[in-house]
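In mature numbering (1 follows the signal peptide of the UniProt record, and there is no 0), the protein residues as written are -16 to -1, 1 to 295.
Heads up, the beta-carbon is just placed ideally off N, CA and C, and yes, glycines get one too.
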């Protein structure tokens, strides 16, 4: 069931293996060097916006001038794969940035990792316009293809999103074969009939919108996001997605099938941020930026207790 969280903390955090981390730079570094040396960035599949002349760069942290963090620039009028004129993007169009991080410790684990926790902090500048929404980083596994309206049984992704007025949500691409003998829309409607959680949406050809409004972003402030994903071990068995915002439990969905194919586990970070949405009503309203720092992938197991859950 997808729960709204009534009480607010991470409890019983069990520290385990750190798989990869990056906090910040101590000087104004070249983004291409940082990507190669710190983000283990070797596979260019699905990437865009990377480079000193595009959206992704290293800039000074406005709250700590001794730190230099990831900065993403969004040009007015851009959305998804469109430039500021509404045309398909050329090589450089400042629409945001996207890449995958598959750490060496994950690749060399010798087994699938089926329980992983991602942490990072994001900062929206003071003039950031929420518009209808946009993507934020999350976890991913399998083929690098669970995005852009492509539904597959061979991968998953659990990016976050900002929505109108800074509402937060999980935006999950998972198998649409959620319940044996039940079509996807019927399964989604069965969830919508419950009253124990925040909004859920299930568009036919895009991600499942989980917990819209369960937490909120603010401009001009860092917010710490923690996402734990647990994969199921058998077909039509339930996995789970849990999110904390500033260490306050926000979303917990434990009746979602994360996969029905078992030749992949959780592979790492899907860094993905842009406005959209697939039409101009989602377009960036004015030139703006976000900042990112303190990334951490681990096998930590943050716990919820039943008294935290409503319903």
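Going by DSSP in three states, residue i sits in which element: helix, strand or coil?
i	result
residue 172	helix
residue 4	strand
residue 264	helix
residue 297	Any answer about residue 297 is impossible in this case: the structure gives the chain only from -16 up to 295.
residue 322	This structure cannot settle anything about residue 322, because the visible part of the chain is limited to -16 through 295.
residue 299	Any answer about residue 299 is impossible in this case: the structure gives the chain only from -16 up to 295.
residue 45	strand
residue 18	helix
residue -11	Confidence at residue -11 is low in this model, with a pLDDT of 42, below 50, so the placement of that residue should be treated as unreliable; the coordinate-derived value is given next. Residue state, collapsed to three classes: coil.
residue 88	helix
residue 128	coil
residue 99	strand
residue 148	helix
Among residues of its own chain, excluding the 5 on either side of residue i, which ones have a beta-carbon nearer than 7 Å to its beta-carbon?
i	result
residue 7	277 and 278
residue 164	220
residue 120	106, 143, 144, 145, 146 and 257
residue 265	116
residue 35	15 and 16
residue 88	24
Spatial neighbours of residue i within its chain, please: C-beta separation below 6 Å, excluding the five flanking residues on both sides.
i	result
residue 22	6
residue 186	172 and 192
residue 54	276
residue 249	96, 97, 98 and 125
residue 161	244
So, for residue i: in the same chain, excluding its five sequence neighbours on each side, which residues have a beta-carbon less than 8 Å away from its beta-carbon?
i	result
residue 270	60, 111 and 113
residue 169	186 and 188
Taking the straight line between their C-alpha atoms, what separation do you get for residue i and residue j?
i	j	result
residue 252	residue 192	20 Å
residue 156	residue 49	35 Å
residue 215	residue 236	14 Å
residue 67	residue 74	8 Å
residue 281	residue 79	26 Å
residue 12	residue 33	18 Å
residue 134	residue 140	10 Å
residue 31	residue 131	12 Å
With residue i and residue j assumed to form a contact (beta carbons below 8 Å), what rounded beta-carbon distance in angstroms separates them?
i	j	result
residue 255	residue 81	7 Å
residue 18	residue 9	7 Å
Can we say the stretch 254 to 262 touches the stretch 215 to 228, given the rule of at least three CB pairs closer than 8 Å?
no
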